[in-house]
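Those sequence lines, one after another, are chains A and B.
Using this note's numbering, count along the first sequence one by one with no gaps and you end on 1587.
Using this note's numbering, count along the second sequence one by one with no gaps and you end on 1587.
Beta carbons: idealized from backbone N, C-alpha and C, even for Gly.
Since the structure is predicted, the reported quantities are computational estimates derived from the model, not experimental observations.
There are 2 protein chains.
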Amino acid sequence: MLSIGKLGQAAGVKVPTIRYYEQIGLLRPATRSEGNQRLYAQSTLSRLAFIRHARDLGFPLEAIRDLLALQDDPNQPCLAADAIARAQLQAVNRRIAQLEALRCELERMVQHCAHGKVADCRVIEVLGNHDLCLHPDHDNGAGDDHHHH
Amino acid sequence: MLSIGKLGQAAGVKVPTIRYYEQIGLLRPATRSEGNQRLYAQSTLSRLAFIRHARDLGFPLEAIRDLLALQDDPNQPCLAADAIARAQLQAVNRRIAQLEALRCELERMVQHCAHGKVADCRVIEVLGNHDLCLHPDHDNGAGDDHHHH
DNA sequence: CTTGAACCTATAGCTACTAGAGACATTAGA
DNA sequence: TCTAATGTCTCTAGTAGCTATAGGTTCAAG
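Written out as structure tokens, the structure reads:
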């Protein structure tokens, strides 16, 4: 049996994050010691590593919830897992395309900056006048990313 | 003088977002009509369009706050604006690199899926066993992106 | 047995908005 | 001019995925 701290260390997940996962039902409530502290079996470690890995790959928690349910039911066909992974791949591809457009615009901006006064600054100018953009319909897109660390 | 709705339409920003920007001090409090409704001058439209454009390019609001301050003081040297834009460019580049590693891993995952049972699913397997990854140190990285839309 | 680290709960904060409730203002049409 | 529809007002709470803090308890080493 592992304490929450050992579990977190082994899985590369912070302690409050583990408690958070329990709170939102991604991990089942842990058994407790006599003194009310959480105790985990090895099986929880693999489950948590699974979550951690999926998070690293950018899967949202709701998708992970579905993947875990599939994992718990190994006789199901794996179409659903496949679909979730494909959706994530598409989201990543979309995000990359958007960011590449942004990179292009930002590069133009900083390359043309003459390092003079703000009044003549290309950065400020471009931000103020969208028409100066190469692709006037660029857009940072739907925020399908997550935050961590 | 523009109502908040017209202003939002003209700048491509939703009405509650404009009120939010006022609340956090990114826009100065608007003058009010007799009936307490916000009224905006044309100058606010360009300011809001500036914010919108910078947001589309992924600048965080705090960076935009600094850029606006620079814009209001056109005799300053533009080093600071340049630095903000370069930082944003670097953040975008970092993010692209991370996402490309993710894309690679996700593609491998879905390509090797045999579409059988979950028990044999490559997607589930890879998520559960990090060692199957091409670059075992891949990571979705610091969440420096924002959400909108 | 004591000390310090790790643990507990509960709450608030982070980014950048978005959604909703319930009340007031404005405006276009009859 | 009246009315109905739309727009606006404030305030609060919710979104994702944690992170941080406060104030208290338990555990393990010495």
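Take the alpha-carbon of Met1439/B and the one of Ala1519/B: they are about 30 Å apart. Three or more Cβ pairs drawn from the region 1552-1569 of chain B and the region 1511-1526 of chain A lie within less than 8 Å of each other, which places the two stretches in contact.
In the displayed model, Pro1498/A falls within coil according to three-state DSSP, outside both helix and strand. Taken in chain order, the complete alpha helix (DSSP H) segments of 4 residues or longer contained in the region 1512-1565 of chain A are 1517-1549.
For Ile1522/B, the CB contacts under 8 Å within the same chain, skipping 5 residues up- and downstream, are Phe1497, Ala1501, Asp1504, Leu1505 in chain order. Listed along chain B are Pro1515, Cys1516, each with a C-beta nearer than 8 Å to that of Gly1554/A. Using beta-carbon distances, Asn1474/B does not count as an interface residue toward chain A, since no partner is under 8 Å. In this model, Val1561/B and Cys1551/B are separated by some 6 Å (Cα to Cα).
Within the DSSP bridge table, the entry for Tyr1478/B names Leu1440/B as partners. For Ala1523/B, the closest Cβ of chain A is nearer than 8 Å.
Neighbours of Pro1498/A in chain B, taken as residues whose beta carbon is under 8 Å from its own, are absent, since the nearest beta carbon is some 11 Å off. As DSSP reads the structure, Thr1469/B sits in a beta bridge with Leu1477/B.
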